[in-house]
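Position one of the sequence shown corresponds to residue 160 (the working numbering), numbered consecutively onward.
Report on the structure given below.
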Amino acid sequence: MKVSFRQYIVASAVLVSSLGFSVNSYAALPFFSDKKDEVPSLAPMLEEATPAVVSIAVEGTQTSRQQVPEMFQYFFGAPQEQVQERPFRGLGSGVIIDADKGYVVTNNHVVDNADEITVKLTDGREFKAKKLGSDEQSDIALLKIDSDNLTALPLADSDALRVGDFVVAIGNPFGLSQTVTSGIVSALGRSGLNIGGYEDFIQTDAAINRGNSGGALVSLRGELVGINTAIFGPNGGNVGIGFAIPSNMMKSLVDQIAEYGEVRRGLLGILGSDIDAGLAEAMNADVNIGAFVSEVTPDSAADKAGIKAGDIITGINGRNLHSFQELRAKISSMGAGAEVELTIMRKGKEMNMDVVLGDATQSTITAAQIHPALEGATLTNGTDEAGNAGVVISELAKGSPAARIGLKPDDIVMGVNRLRTPSVAEFRDALDKAKGVIALNVKRGNSTLYLLIRQ
């Protein structure tokens, strides 16, 4: 028996109703049509949403520095460092989030080192954009264009997303004009991918390819739920695993950039790890997911709030927490001074604690609190002459363990084992995860060197 498409839709509606869902609420979604001659379509929603997604073209100069071997410096009078400059061009996507102010959000890696940024709208208009600020660790940048008649995407509450929710990715893959793909939310709270410093990604199977970076991940209501950022694929192409920065995280970072020109990260002041079944059994805890607190920094926000080593943090602002990395990403995206409610399990009892976050950008710490080999050094957030963020050795005791490994006053530690560490908080996290020999990437004046810590 042949069944018409109209009959199929009616039968599906009856099935949905029999399962206890409201047919009316589904009919209100944009992929259902109430016209007899039309088939289900996302077009009505996309007609409203796509004008808010833009194409971004960048031009700039990339500078690379290479150390000249000492023998050539000595015999030929060569400089210590060779500097090469090469022009580059790139393409990406962006999302208008405030039509009145002309704010466009994209990925930091799309506009990093760009001297000229051009934003092109779907109606063909082009504008030169000004970069208001960016954050490398979370891969977010905020641009501004001057124009009237802009369309902005409304923001969704990304914390309310569920695995299985339908989503649509909008962007400009491979330099093509605007492209739309659809899928579902495959997973939430993805971390440990080494894509960025702070990871709390939405995973989706909506096709995301090169050039989609900075584009929009939207709900079926046409609301922005994430900024498309990365793909997981051996050849740089779509294999059904893409990642987006949640809209709530993006909004918090962008608000800080708009107000201060930079991200002023919140700091909780704890070390820890994921809770698993084995650790839960050892701690006699009834929870198997969350963030286990192994150490609390004295006088930190956590210490002042009463958090103790051995606590298990299971929720933040009323939302369940799945891992330590998720906690780290959410805290870091909140500004210094933000008030946070944490749900904590302590000796089988659940309690809520209000915490006022410290300022990670103004952190100064005695290095012995981080690693025994660094005893005798005082660490402070700072930058090198080029403006790159790092950890400054502000004080150093003579003959101390830190001095014996080769550190000197005013050294700037730029990374650990090739992982960038632009702040004391990131430096501490990197050392906590490092195993075996640790290589510190140190900037000393105009020279770059590696110092080794053997554990």
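All C-beta atoms, glycine included, are put in the ideal place defined by N, C-alpha and C.
Just so we're clear, the structure is a prediction, and the values are computed from it rather than from any experiment.
Query, Result
"Neighbour-count burial assignment, G251, 16 or more Cβ in a 10 Å radius", "buried"
"Beta-carbon gap between F333 and G370 smaller than 8 Å", "yes"
"Selection from L379, Y357, Q243 and M442 that minimises the alpha carbon distance to P203", "L379"
"Three-pair Cβ contact test at 8 Å for the region 205-218 versus the region 260-280", "yes"
"From V583, S491 and N387, residue whose alpha carbon lies closest to that of V269", "N387"
"Cβ contact (3+ pairs, closer than 8 Å) linking the region 401-417 and the region 297-314", "yes"
"Beta carbon of D462 nearer than 8 Å to that of I503", "no"
"Straight-line gap, I490 to G565 (C-alpha atoms, nearest Å)", "34 Å"
"Inter-residue Cα distance where the pair is T537 and A545", "22 Å"
"Strand pairing of Y609, partner residues [DSSP]", "N600"
"Straight-line Cα distance separating A258 from A473", "Note on residue identity: the sequence assigns Thr, not Ala, to residue 473. The straight-line gap from Cα to Cα measures roughly 38 Å."
"Length of the line joining the Cα atoms of K303 and G373", "15 Å"
"Beta-carbon proximity of A645 to D518, cut-off 8 Å", "What the structure shows of the chain is the stretch from 160 to 614, and residue 645 is not part of that stretch, so it cannot be assessed."
"Backbone secondary structure at F391 - three-state DSSP", "coil"
"Simplified DSSP state of Q221, which is helix, strand or coil", "strand"
"Three-state secondary structure assigned by DSSP to V422", "coil"
"Secondary structure of I448, DSSP reduced to three states", "coil"
"Whole-angstrom distance between T363 and I529, CA atom to CA atom", "37 Å"
"Cβ neighbour criterion (16 or more within 10 Å) applied to R487", "buried"
"Best match in T456, G385 and M493 for proximity to G425 [C-alpha to C-alpha]", "M493"
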